[in-house]
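Each remark here refers to the structure printed beneath this line.
2 protein chains.
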Amino acid sequence: MAGTDEIEALIEMMARLPGLGPRSARRAVLHLIGKRGQLMTPLARAMGQVAETVRDCTICGNLGSSDICAICADEERRTGQICVVEDVADLWALERGHAFRGRYHVLGGTLSALDAVGPEDLGIPRLLDRVTDEGATEVILALAATVDGQTTAHYIAEALEGSGASVTSLAQGVPVGGELDYLDDGTISAALKARKAF
Amino acid sequence: MAGTDEIEALIEMMARLPGLGPRSARRAVLHLIGKRGQLMTPLARAMGQVAETVRDCTICGNLGSSDICAICADEERRTGQICVVEDVADLWALERGHAFRGRYHVLGGTLSALDAVGPEDLGIPRLLDRVTDEGATEVILALAATVDGQTTAHYIAEALEGSGASVTSLAQGVPVGGELDYLDDGTISAALKARKAF
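Those protein sequences? They're chains A and B, same order as listed.
Counted from 1, the first sequence has number 132 at position 129 by my numbering; the numbering is strictly sequential.
Counted from 1, the second sequence has number 81 at position 78 by my numbering; the numbering is strictly sequential.
The structure is reproduced here in structure tokens:
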């Protein structure tokens, strides 16, 4: 029993969001109701609008408000460099760094034998087509350093052999601002192996 | 940079919910966009509907879809017993217990010298009027066992002196299913002091 059926239904839906459970969803909904004018109505409107207008880019898989995302439509971005990421969150993270000015390719996951995710599910054939069609000279694999991420990276690298594009991956090492004492052994030995002239 | 301006605005609003920050809001929004048909559109609609229809009950302060909430309108609920709670979340918690069949009074907070919250801000004069008007015989103070909660309880108890209503408060003791070893000293000594015949 939580006020009205509408409120209960709302709490139940909110509880399905990642990071929220039934209890925190209840708290969030009560907070929203307390600020219905300033927050709840605008949030509902913004959410409805995004749900209606958001599109997956037909080229790279990024999100945008039309069939071609802002990055693919941007003529100032270098063609010929394609950065492969697992999901849109990773693409946003790279964009926040402002370091990459090429194009992206969003896989939407990683290869996984356990979850029966194959190359077709990730649009890898589409990536290979893009490399040929766009005459890409470099494919940067920005995939997680997990088993599934690295399996996917190796699969893509092999598939790209003979395509003419060089395949690179993100450097592994000490994070900027990171203290050695707090780093795991794998990162430290990777950073040591890849040491460079000062 | 997060896709489109609309998505950015949505993330910013979601990040204002309790329990969510910028990073988890981004995750929640990406999850919503991934399920725009099944979750995002219905959630936006439910949220908009609640924002539009929800009302504070003019009698007790509970939430409902009209000016008088379902509990105050329910003729099967005992009049004469008013349970005073800090906020609607506490009222819901009591209702989930199905143990109380009287009416409620939602204060909307506790007295606080620091935050300059006085009796008028909490509708305490309105509670006193209700006790007289409804001929209440018992006022149950279901307030938190915090300093502010207990200050508020004492203030209300004093204000109700001479009103004819008996003032009670929730029992303190060992939670049902609770292990003694994990309880704080205050709860254990309160439970011991209030021991009863087995």
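Glycine included, each C-beta is placed from N, C-alpha and C at the ideal position.
query	result
Residues within the stretch 66-92 of chain A neighbouring chain B, beta-carbon criterion of under 8 Å	L66, G67, S68, C72, A73, D90, V91, A92
Endpoints, the beta strand (DSSP E) within which L144/A is located	141-145
Beta-carbon neighbours of G39/A, restricted to chain B and to distances below 9 Å	Checking the sequence, you will find Arg at residue 39/A rather than Gly. Result: V53, A54, E55, V57.
Cβ pair count under 8 Å reaching 3, the stretch 114-123 of chain A against the stretch 171-180 of chain A	no
Stretch pair the stretch 76-89 of chain A + the stretch 23-40 of chain B: three plus CB contacts closer than 8 Å	no
Cβ pair count under 8 Å reaching 3, the stretch 43-59 of chain B against the stretch 41-50 of chain A	yes
Closer than 7 Å to chain A by CB, R30/B	yes
Pair within 7 Å by beta-carbon distance, L33/A and A160/B	no
In DSSP terms, what V87/A is bridged to	H108/A, L144/A
Option in R99/B, T56/B, R39/B with minimal Cα separation from D59/A	R39/B
D59/B (DSSP reduced to helix, strand or coil)	strand
Delimiting residues of the alpha helix (DSSP H) encompassing T190/A	188-196
Contact list for L125/B against chain A, beta-carbon separation under 9 Å	Near L125/B there are no residues of chain A at all, since even the closest Cβ is about 15 Å away, more than 9 Å.
Extent of the continuous beta strand (DSSP E) to which S3/A belongs	Summary: the structure shown does not reach residue 3/A, with chain A confined to residues 4 through 201, and so no result is reported for it.
Min CB distance S27/B to chain A below 7 Å	yes
Contacts around D151/B, its chain only, beta-carbon distance under 6 Å, and the 5 residues preceding and following it disregarded	T113, S115
Cα-Cα separation between D70/A and I62/A, rounded to whole angstroms	8 Å
Local conformation of S166/A per DSSP, three classes	coil
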